[in-house]
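Undergrad:
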Amino acid sequence: MPAFSMVKAKKSLAIRIATRVNLLTLSTQILVRNNEESRIFSIVRKIWKTILE
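Heads up: the sequence shown at position 5 corresponds to 6 in my numbering, and the numbers run straight through without jumps.
#1: Can the beta-carbon of residue 32 be found closer than 7 Å to that of residue 43?
#2: What span of residues does the alpha helix (DSSP H) with residue 23 cover, start to end?
#3: Roughly how many angstroms lie between the CA atoms of residue 12 and residue 30, to the nearest whole one?
Shown next as C-alpha cells:
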C-alpha cells in the first residue's frame with residue numbers, strides 16, 4: 002500500500018509540474034502575442050509602484 006501511494010504522489014506531482022509548465026508556456030505565448038499590451042502593463046505597474054512607495 003505505501004508503494005502505491007508513493008506512485009500516486011509522484012504521479013500527482015508530475016501532473017502539477019506539467020500543469021505549471023503548460024501555464025508558463027501559455028502565458029509566454031500570450032505575452033509574445035500581446036507584446037505591446039504587456040509593455041503598457043509593465044509601465045502601468047511601474048507607475049503604481051512609484052505611487053505606492
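Every residue gets a Cβ at the ideal spot worked out from N, C-alpha and C, and that includes glycine.
These numbers come from a predicted model, not from an experiment.
TA: Looking at the coordinates:
#1: no
#2: 3–34
#3: Using only the alpha carbons, I get a separation of about 27 Å.
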